[in-house]
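Peer 1: As they're listed, the protein sequences go chains A and C. This note's numbering puts the first sequence at residues 1 to 497. This note's numbering puts the second sequence at residues 498 to 714. Beta carbons: idealized from backbone N, C-alpha and C, even for Gly.
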Amino acid sequence: MGILQRGLKSVYRNPARSTIIVVLLGVCLTFCMAMLAVRMAARSQVEKVKGRVGNYAEVRLASQAFFDRYLRESEKSEAQREKEARSMSAEEASRQRSELLVPEAMTDELSMLECIRTYDKFLTASLEVPEMENTAIAPVFEKGLAEQAARLGIELTESTFAFSGNTDAASLADFREGDKALLEGRLYDYFDYLQGSPVVLVEKNLAEKNQLSLGDRVKVRAKDRSGRQGERELVVIGIYETRQAEKNDNPLGFNPFGNTFYAPLSVVQELNNTPDYIDSASYYFDNVDSTSTVLDRFAALPGSERCEITTDFADYQALADPLTKAGNASTIGLWGSLGACVLILLLSMLLVVRGRMKELGVLKALGTADRQVLSQFAVEVTALCLAAMLIASGATALIGQRLGDWLLRESNATVAAPAEEAEGQAQGGRAALQALRGSSQGRFFPPDEVESGIEVLFSGRTFLYACLLLLLICLLGMVIPVVGVARLRPAQVLRME
Amino acid sequence: MVEEVRKSYRTRGGEVLALDGVCLKAEAGKMTAVVGASGSGKTTLLYVIGALETPDSGRVRAGEKEVFPSGSSLDDFRRREVGFVFQFFNLVGHYNALENVMLPMAVSGTRSREARRRAGELLLRAGISEERWDHRPTRLSGGEQQRVAIARALANDPWLILADEPTGNLDSQTGDVVVSLLRELAEEGRCVILVTHDESVAARCDEVARLKDGRRL
């Protein structure tokens, strides 16, 4: 009858008591393991969210600079503006145009940060294509918006089209997300941008109406650096289709149906006569933890006071906060239930040891070494914990996911009110920005596009943690027997009758 | 064997001197009785000899073993050289008769099969028939329990048997049987020391040591 057998026999000696201990332990361990699993799932989900949301930034001209210019120009009369325009040198005109743009050197400097993964620059210019008519621009004239545009230095005619440029057409959000799709030809790429290739992408309907096909040339009217009016020919290398009309709330928008020409940024800059300026720049950095690095670097850049940087940190928060809260709640639950486990075990073992003092005295009188007595208790405690752990594992598999969902729901409810407020502000701010400057060229992840639930899985890691948990509570459960046996004086115990 | 042993206890009422310079010599092959009234220190003396109690001073020697003073653990001594028989039997309640006798052998590392065989032999010798082996102590009579306790005391074949009031909880007839059993063990060459306050039991022993207030008379 070895130690193992004696230990197990001790478990069976009082089945009712052992069952109660196992059930109580099982319940607490179930919570313990479920909380552990939820905590791990929440952490993993936060990491997943970190990799996808909160790592995007856009640099644009500050709203204030835009408004200042608009108000300044509004105060001038038509005649005064015309007079100024006539007397303005080419250099002054170029400087005036660039006042509403972002210096490229500054955004390039920001892109040098180590955490930046991708970088793109955008410029949209209104340019005249004399041989073509923009049917979509008619409402702009009807609403008298052309005058407002003129106050910003944008001259609109019926042949004015939007020319949108970036470094690589494939990275444009419209093409990447399928709002626009290439039907024929190819998209311009980074090399076209570097070489300043005179190429352009034309919308299908516009191409059909003007009988344009691949290889045809589009004449664009543009001023050179000296202010001389001239024409530049761009080769049509691709024809695209608009599948999803752009959401343009801009009151000055004159191109709502997608009659946009896409060309390499360097070409649009040249045609607009603003070679070192852009509308905006977009960045993807490694993860949300680098947000402050990016913001700090931006703030330190010369000229950044005229510009502003927008990130999707609020989106990240909207997703990660409930997860983090659920994780924190589960951590509290984990320690609470672990404490309850230990308490149950300690009290149980206290009762067991007290009830067996006589037996322990006899065992010691028979020459049983302390380590042998403790080993017997260890077997007993381990058997109880193991049985409880088996019950807990099954129960956790059943309730783990529900508990995770419930915690997430509760956390969502807790953060809903402030989040709604913040979201309202963010939405309002972003909508205002977009109304002024057109839609985002990059990508703000709408929170509902990213999986925000908790997937409670039971992996090898969970099992390993469960084993460690088992070991921990077994060790803690042994405290009472160790103290009891160490303090035991067999002679004293044997006299108790 | 026991020389000038002193042992005192601290109680709420003050210090109580349980043994006051007691000397005792018990020989193998003889049954020695320690007789005295309640509180005379006879059980303490037995526990000191069996290394369950540590004296304050003096010397205790059991055969070749220096029990006190001793620098090493006495677990092995208790396990292999001493067999205890208690007044209230002190059998482990959730083990049956056979398992109770096997217990000391399990503690000393005897293989289970061998322990079972020897436990059976000892129980038969103690007069416990095979059909009673799987009975738990609560289903055994007092006499049977004490015989099981004697069988347990012999499990590791000790040369020293220490019996604390072995007949104190039994009727006279059953007590006679138990004393006869102990007598047999002494005749086999073991050293049997029993504590009793029963003069009739003491009369059947080879040597009698009388204690009063912790002193040898």
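(1) Compile a chain-ordered list of the residues in the region 553-579 of chain C whose CB is closer than 8 Å to at least one CB of chain A.
(2) Starting from TYR498 of chain A, follow its DSSP beta bridges and name the residues at the other end.
(3) Between the C-alpha atoms of GLY339 of chain A and ALA515 of chain C, what's the straight-line distance to the nearest angstrom?
(4) So, for ALA616 of chain C: in the same chain, excluding its five sequence neighbours on each side, which residues have a beta-carbon less than 6 Å away from its beta-carbon?
(5) Tell me, please, which residues DSSP counts as bridged to MET528 of chain C.
(6) Quick one: Cα of MET349 of chain A to Cα of ARG17 of chain A, how far?
(7) Quick check on SER375 of chain A - is its C-beta less than 9 Å from some C-beta in chain C?
(8) Under 9 Å between beta-carbons, which chain C residues line up against LEU494 of chain A? List them in chain order, please.
(9) With a threshold of 9 Å between beta carbons, is GLY484 of chain A in contact with chain C?
(10) Cα-Cα, which of C:HIS632, C:GLY536, C:SER626, C:GLU618 is closest to ASP517 of chain C?
(11) Counting pairs of Cβ atoms below 8 Å between the region 259-277 of chain A and the region 43-55 of chain A, do you hit three or more?
(12) For MET112 of chain A, is the classification buried or exposed, using 16 other Cβ atoms within 10 angstroms of its Cβ as the cut-off for buried?
(13) Would ARG487 of chain A count as contacting chain C if we go by Cβ distances under 9 Å?
(14) Exposed or buried, which one is GLY484 of chain A when buried takes at least 16 other CB atoms within 10 Å?
(15) At 7 Å on the CB atoms, spell out the chain C contacts of ARG13 of chain A, in chain order.
(16) What's the call for PHE31 of chain A, buried or exposed, on a 16-neighbour Cβ count within 10 Å?
(17) In chain order, what residues of the same chain have a beta carbon less than 7 Å from the beta carbon of GLU500 of chain C, not counting five sequence neighbours either side?
(18) Beta strand (DSSP E) containing TYR592 of chain C: first to last residue?
(19) So is GLN45 of chain A buried or exposed if we call it buried at 16+ other beta carbons inside 10 Å?
(20) Within a Cβ cutoff of 6 Å, which residues of the same chain sit near ARG712 of chain C, ignoring the five residues on either side of it in sequence?
(21) Exposed or buried, what is VAL23 of chain A when buried is set at 16 or more other beta-carbons lying within 10 Å of its beta-carbon?
(22) Can you list, in chain order, the residues of the region 601-624 of chain C whose Cβ is nearer than 8 Å to any Cβ on chain A?
(23) Three Cβ pairs or more, each shorter than 8 Å: is that satisfied between the region 65-81 of chain A and the region 291-300 of chain A?
(24) Mind checking THR635 of chain C: buried by the 16 CB within 10 Å criterion, or exposed?
(25) Quick one: grab the DSSP three-state call for TYR119 of chain A.
(26) 9 Å is my cut-off, CB to CB: does ARG649 of chain C come that close to chain A?
(27) Among C:ALA700, C:GLU684, C:LYS709, whose alpha-carbon lies nearest the alpha-carbon of GLU524 of chain C?
(28) Are any of the Cβ atoms in chain C nearer than 9 Å to that of VAL362 of chain A?
(29) Residues bridged to ASP517 of chain C by DSSP?
(30) Along chain C, which residues have their Cβ under 8 Å away from the Cβ of THR368 of chain A?
(31) If we define contact as Cβ-Cβ less than 9 Å, is SER18 of chain A a contact residue for chain C?
(32) Start and end of the alpha helix (DSSP H) containing CYS467 of chain A?
(33) Residues in its own chain within less than 7 Å of ARG577 of chain C by CB, not counting five upstream and five downstream?
(34) Determine the chain C residues that contact PRO490 of chain A at a beta-carbon separation under 8 Å, and present them in chain order.
(35) With a cut-off of 8 Å, do at least 3 Cβ pairs link the region 344-361 of chain A to the region 82-95 of chain A?
(36) What does a CB cutoff of less than 8 Å around GLN642 of chain C pick up in its chain, not counting 5 residues either side in sequence?
Peer 2: From the atom records:
(1) SER570, ASP572, ASP573, PHE574, ARG575, ARG576, ARG577, VAL579
(2) Only positions 1 to 497 of chain A appear in the structure, and residue 498 of chain A is not among them; the question remains open.
(3) 46 Å
(4) Excluding residues up to 5 positions away in sequence, LEU595, VAL598, MET599 lie with their Cβ nearer than 6 Å to the Cβ of ALA616 of chain C in the same chain.
(5) Per the DSSP secondary-structure output, MET528 of chain C pairs in a beta bridge with C:VAL689.
(6) 11 Å
(7) no
(8) THR540, TYR544, LEU549, PHE581, PHE583, PHE585, ASN587, ASP661
(9) no
(10) C:GLY536
(11) Counting Cβ pairs under 8 Å, fewer than three are found: no touch.
(12) Sixteen is the threshold: since fewer than 16 other Cβ atoms of the shown chains lie within 10 Å of the Cβ of MET112 of chain A, the residue is exposed.
(13) no
(14) Burial of GLY484 of chain A is indicated by the presence of at least 16 other C-beta atoms within 10 angstroms of its C-beta.
(15) In chain order: HIS591.
(16) buried
(17) Excluding sequence neighbours, GLU500 of chain C sits near CYS520, GLY555, ARG556.
(18) That residue, TYR592 of chain C, is in no beta strand (DSSP E); it is neither H nor E in DSSP.
(19) buried
(20) ASP517
(21) exposed
(22) PRO601, ALA603, VAL604, SER605, SER609, ALA612
(23) no
(24) exposed
(25) If DSSP states are grouped into helix, strand and coil, TYR119 of chain A belongs with the strands.
(26) yes
(27) C:GLU684
(28) yes
(29) Beta bridge pairing from DSSP links ASP517 of chain C with C:ARG503.
(30) ASP572, ARG576, VAL604
(31) no
(32) 460-477
(33) SER605, ASN653, PRO655
(34) Using a Cβ-Cβ cut-off of 8 Å, PRO490 of chain A is close to LEU549 of chain C, given in chain order.
(35) No, the region 344-361 of chain A does not touch the region 82-95 of chain A.
(36) The answer, listed in chain order, is PHE586, LEU588, PRO634.
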